[in-house]
Every structure is written in C-alpha cells, then in structure tokens.
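In terms of this note's numbering, the sequence shown is residues 4 to 287.
Right, one structure below, let's go through it.
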Amino acid sequence: MTTPDKSELKERIRSNWRSVAEGWRRRDDLLRKGAAPVTERMLELSGISSGSRLLDIASGTGEPAISAAQIVGESGKVIGIDLVDEMLAVAREKTGKMNLGNIEFHCIDAETLDFTAGSFDAVTIRWGLMFMPEPQACLAAAHKALKQDGRISLACWAAPEKNPFVGILIRTLSKYMEIPVPPPGTPGIFAFSNSERLKDVLTSAGFRNIVLEEMTINVIEVDDGRAYWEAMSDLAAPVMALVRQLEESVRSDYIDEVIKVADTLKQGETLCMRGTTWIASADK
C-alpha cells in the first residue's frame, strides 16, 4: 500500500468532506440532536461564560461554535475554522438566520493556523483532530492561541467495536472489497480511539491536567434500516469514498445488506445507532 504524502492526503480529506456538505445541510437536525450531549459536555469542560473568547477548530457546519456563541453572549467572541468552505457555508447560513453577531467562520487549515498568542480563553475540536495528517501541529497552534490557564476540550471516537453507527457500514463493506489497513497514525475516524495516543499528543503539545472520559450517545435515531442508510450516505464521507469504488450491481447488494443488518437492531418503532466517544479536556 502506497502512503500518500501529507498534501495529497489533505486534499483527499478536503474532497471527501466537500462531497457531503449538502448532505450535512439536509441532516442538520438529526446531527445536532445526536451530538448534543457531547457538545454540551465539551462546552461545560471548556469553562466558557459570558464574555469569553473561544476558538472552534474543525467547525464543519457550525457546532459546537454556534452553541458556544450563545453562551459567551454579545460581550464574547467565537471564531470557527474548517478546511472545507462548503461546510462552513452551512454554518454561516445558520448563524445568519439566528442573527448571531458574535461569531465568525473562516476557511483555515488548522495545522497552520497562526492566531496571536494568548488570544482565546478556550479551544474546542469536536471529531476533527482524527482527520488531520499532522494533529500535533494543530494542537501546538491551539496551545499557543490559548491564554495561560486556558482550556481545551475535544472529542474523538473510541474503539470501532463501540461505534456500531459506523461499524456496520465498515464490517459489511469488508465482505465486498478489501479495505486498506492504514499505517499507524494515518488520519481516519478511529485514529485516536487509543486513549493513550490522545493523551500523548496533548502532552507533547504542552497541555497539562489532561482528563479523558467516555460518553455513549445515540448518534443516529431513525425509523428503520433504509432511513439509516440514507442518512449515513449523506454523512459518512470517508466510508462513502470507498463505497463509490464498488461496481453498481455490487454496490446495490452492499446497500441491501447494510439495511438488513441495521433493521435487526431496531427496537420498537425506532432504530437507535449508538456510538462512544472520548472527550478530553486539559489546561494550558
């Protein structure tokens, strides 16, 4: 397996997420509901309050930046950044409708961001660090941007077996194609499933008082297996990039099997697809 260089890898990541920006727009209510407990806990751990300044890295379609803006109020400020401007367009659309004047979104590479030292009271990164080719560079820049004793809180998905919401897609796909096994440290949804690796990169970036906790949530709540597939085909950029490589007839068989497997997990009238995430917090 040939390992792409970091610039090629970053462009591939950007392209994958650009391809699902409209899907994330369509599924915004579903996403916000599923992720709400994680967003709330991250912002609680960040320590922000009225007047705080927060930097949200990998904002995507706007969370937790938008929720943070409602906490810090008019006397505070939230800056959200992301590699994919098409995702940020959704975030800007939402804040425009909400008339939030204390939040800005900028298309910036988190690994090269260069804010003035000591600019922010808190930094958040919700499910973004694991997709970065150089997460250490991102965390070092975040550390610099924080005020002394400022806080960082971030979320990264835990082990694959604890995340059936995406595990079903991957396990089923492995029957239809050989899924490449990436070298250790390669960006991906489970790049920081090992809590020790997450602690190590935070420590290396200069953070202290690192605390990790696990949280399990209903990531996706839908009516049935077909609704699950339709939602995930809108949202799961890395997996969909692989699915698109299947021939049409094979892809149809794969989709049918995913739907059947998902339906076996339905309880009552609702299919709840669960996931477990690490939530890390630390001080500068």
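Even glycine gets a Cβ: it sits at the ideal position worked out from N, Cα and C.
Where residue i sits in the DSSP three-state scheme
i	result
Ser284	strand
Glu164	helix
Gly131	coil
Ala125	strand
Asp259	helix
Asp237	helix
Arg277	strand
Glu250	coil
Ala113	coil
Ile173	helix
Gly153	strand
Thr206	helix
Thr119	coil
Through-space distance from residue j to residue i, alpha-carbon basis
i	j	result
Phe195	Tyr231	25 Å
Gly209	Cys141	12 Å
Asp237	Glu199	32 Å
Arg95	Asn212	34 Å
Met133	Gly63	14 Å
Glu43	Lys36	11 Å
Glu233	Glu14	26 Å
Gly185	Ile16	Residue 185 is actually Pro in this sequence, not Gly. The straight-line gap from Cα to Cα measures roughly 14 Å.
Asp31	His109	20 Å
Arg154	Leu201	16 Å
Val75	Val126	13 Å
Thr175	Met90	28 Å
Ser255	Ile106	43 Å
Leu274	Pro167	12 Å
Glu251	Ile51	49 Å
Glu217	Arg29	28 Å
Tyr179	Tyr257	7 Å
Buried versus exposed call for residue i [16 or more other C-beta atoms within 10 Å across all chains shown]
i	result
Glu11	exposed
Met4	A caution first: Met4 carries a pLDDT of 44, below 50, which makes its placement in the model unreliable, though a value can still be read off. With fewer than 16 other Cβ atoms within 10 Å, it is exposed.
Ile220	buried
Thr98	buried
Ser284	buried
Are at least three pairs of beta-carbons, each pair with one atom in the segment 142–155 and one in the segment 114–124, less than 8 Å apart? Because the criterion of three Cβ pairs below 8 Å is met, the segment 142–155 and the segment 114–124 touch.
Could you say if the segment 222–231 and the segment 153–164 meet the contact criterion of at least three C-beta pairs nearer than 8 Å? With a cut-off of 8 Å, the segment 153–164 and the segment 222–231 do not count as touching, because too few Cβ pairs lie within range.
Answer yes if the segment 14–23 comes into contact with the segment 81–90, meaning at least three C-beta pairs across the two stretches below 8 Å, and no otherwise. Between the segment 81–90 and the segment 14–23 there are three or more C-beta pairs closer than 8 Å, enough to call the two in contact.
Taking the runs of the alpha helix (DSSP H) that are 4 residues or longer, which of them lie wholly in the segment 26–84? Runs found: 31–49, 68–75.
Do three or more CB pairs link the segment 274–283 to the segment 51–62 at distances below 8 Å? Contact fails: fewer than three Cβ-Cβ distances are below 8 Å.
Taking one C-beta from the segment 169–189 and one from the segment 258–268 each time, how about it: are there three or more such pairs within less than 8 Å? Between the segment 169–189 and the segment 258–268 there are three or more C-beta pairs closer than 8 Å, enough to call the two in contact.
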